[in-house]
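Take a look at the structure below.
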Amino acid sequence: MENNFKISIVIPCYNEEDNIIPLTEILLKTLKKYNDYEIIFVDDGSYDKTLKKIKEIRNKNKKIKIISFSRNFGHQNAIKAGFDYSTGDCVISLDSDLQHPPGLIDEMIEKWQEGYQVVYAVRNNFKSLGFFKRTTSKLFYKIINSISDVKMTYNAADFRLIDREVVNAIKQFKENYLYIRGIVSWVGFKQTTIKYKQEKRFSGESKYSLKKMIKFALSGITSFSIKPLKLSLILGFIISFFSFLYGLYALYIAFFTDRAITGWTSVIVSVLFIGGIQLFMIGVLGEYLGKLFMENKRRPNYIIKDKEF
Ligand code: UDP
Ligand code: MG
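Okay, so the sequence shown: first residue is 2 according to this note's numbering, each after it adds one.
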């Protein structure tokens with residue numbers, strides 16, 4: 002195989018001190034057969050020995066590059082920083098916890114050589130995920146695919162290869178609420194998927210708490226769809242229609258029967274129901290308004306305190 006191209010590997014890490022060295026060893030073995038590559042570790046404000054470990058290996062191998070954030074800016078921003086500074090003809094992003102087997106890189110490169118510009122790795126063993134994460138993630142993809150204009154591949158995590166052309170397209174995105182999975186599917190190009198078996202985390206704990214997961218899911222939905230905003234219109238319409246019918250019924254009761262006072266249950270139920278929907282819709286409005294407010298500041302996605310290239 003002709004291989005005079007350069008591969009960039011982008012690895013976001015947040016407190017992954019015990020994963021850095023084992024991961025790098027495997028990666029270097031895999032990458033040996035390629036002419037040129039770089040491994041960009043993006044330290045997302047870790048407060049353990051992650052950065053120290055990365056520096057150790059960097060001292061032995063200058064193909065290892067370091068970007069270190071001034072604080073924790075989140076997984077998505079870390080990947081974006083890696084894209085921004087990458088110089089390869091293709092860029093592969095993977096997690097630092099060895100859940101994304103580096104062995105798959107060869108298969109990704111093959112697909113890329115066949116002409117695909119985005120190669121997603123899709124995990125095929127959801128069972129290992131745990132019931133909660135599995136159900137919530139399924140639900141999330143159902144919701145997002147039914148209400149947004151881009152189709153996101155179910156079970157594709159942030160383990161993928163993208164071509165330089167796609168990287169350049171993504172570099173133009175200046176939004177603060179990054180949802181890279183959505184963006185990659187939004188930009189188009191020739192995309193394909195390969196399957197892999199997701200491994201257990203090598204060391205440490207998941208950095209995605211329930212709170213972070215919910216935030217991430219909400220950000221994904223509100224970044225790619227304004228349909229929730231239209232919900233109030235639809236709900237309002239339906240409720241008005243039924244209210245009208247019920248109004249007619251109430252008039253009928255009042256004028257043509259002697260059962261007029263017995264309406265307490267229906268009053269309380271409808272008041273609570275409409276109140277609930279109103280609060281919900283105000284929440285939806287608030288979510289978008291808040292986002293507008295934050296985006297309007299045009300803050301940078303991340304601040305780098307240390308960089309070795
Ligand atoms: N990560 C990060 N910043 C964060 C949270 C996570 O850079 O604020 C990194 C983390 O070190 C890992 C990857 O993102 O390399 C995926 O996180 P994790 O494995 O904790 O998520 P899970 O696989 O449990 O969904
Ligand atoms: Mg993980």
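Where is the CB? At the ideal position from N, CA and C, for every residue including glycine.
Keep in mind that this is a model prediction, so the values were computed, not measured.
Burial state of residue i, where buried means 16 or more other Cβ atoms lie within 10 Å
i, result
"TYR250", "exposed"
"SER149", "buried"
"PRO301", "exposed"
"VAL188", "buried"
"THR258", "exposed"
"MET109", "buried"
"TYR114", "According to the sequence provided, residue 114 is Gln. The question's Tyr does not apply to it. Label assigned to GLN114: exposed."
"MET153", "buried"
"VAL272", "exposed"
"PHE84", "buried"
"PHE141", "buried"
"VAL11", "buried"
Residue i Cβ short of 7 Å to the ligand MG heavy atom set
i, result
"SER47", "no"
"ARG182", "no"
"ASP44", "no"
"SER207", "yes"
"ASP307", "no"
"ARG135", "no"
"GLN77", "no"
"GLN173", "no"
"ARG202", "yes"
"ASP19", "no"
"ASP96", "yes"
Backbone CA spacing between residue i and residue j [nearest angstrom]
i, j, result
"GLY104", "PHE281", "46 Å"
"PHE238", "ALA122", "43 Å"
"ILE106", "ASN62", "20 Å"
"ASP19", "ILE181", "26 Å"
"ILE80", "TYR86", "10 Å"
"ASP159", "GLN199", "12 Å"
"PHE242", "GLY248", "10 Å"
"ILE55", "ASP96", "15 Å"
"ASN5", "ASN36", "6 Å"
"GLU296", "LEU162", "28 Å"
"ASN16", "LEU236", "45 Å"
"PHE256", "ILE275", "26 Å"
"LYS212", "LYS143", "20 Å"
"LYS216", "ARG260", "50 Å"
"LEU232", "GLU57", "53 Å"
Integer-rounded CB distance, given that residue j should sit under 8 Å from residue i
i, j, result
"GLN118", "VAL167", "5 Å"
"TYR197", "ASN125", "7 Å"
"THR193", "GLU288", "Contact flag wrong, Cβ pair sits at about 34 Å."
"ASP98", "GLY205", "7 Å"
"TYR270", "LEU230", "It is Val, not Tyr, that sits at residue 270 in the sequence shown. Not a contact, Cβ separation roughly 27 Å."
"PHE132", "TYR303", "Their Cβ separation, rounded to whole angstroms, is 34 Å, which puts PHE132 and TYR303 out of contact at 8 Å."
"PHE203", "PRO23", "6 Å"
"LEU32", "ILE8", "7 Å"
beta-carbon residue i near the ligand UDP non-hydrogen atom, thresh 7 Å
i, result
"ASN319", "Nothing about residue 319 can be reported from this structure: the residues present for the chain run from 2 to 310 only."
"TYR197", "no"
"PRO103", "no"
"GLY277", "no"
"GLN100", "yes"
"CYS14", "yes"
"ASN177", "no"
"ASN4", "no"
Report task. May I ask you to verify whether the stretch 128-146 touches the stretch 44-58, counting CB pairs closer than 8 Å and requiring at least 3? Result -> Fewer than three pairs of CB atoms, one per stretch, sit closer than 8 Å, so the stretch 128-146 makes no contact with the stretch 44-58.
Query raised in the report: Are the stretch 33-43 and the stretch 65-85 touching by the rule of at least three beta carbon pairs closer than 8 Å?
Result: The stretch 33-43 and the stretch 65-85 touch, with no fewer than 3 CB-CB distances between them shorter than 8 Å.
Query raised in the report: Can you find at least 3 beta carbon pairs, one from the stretch 183-194 and one from the stretch 92-99, that sit closer than 8 Å?
Result: No: fewer than three Cβ pairs fall under 8 Å.
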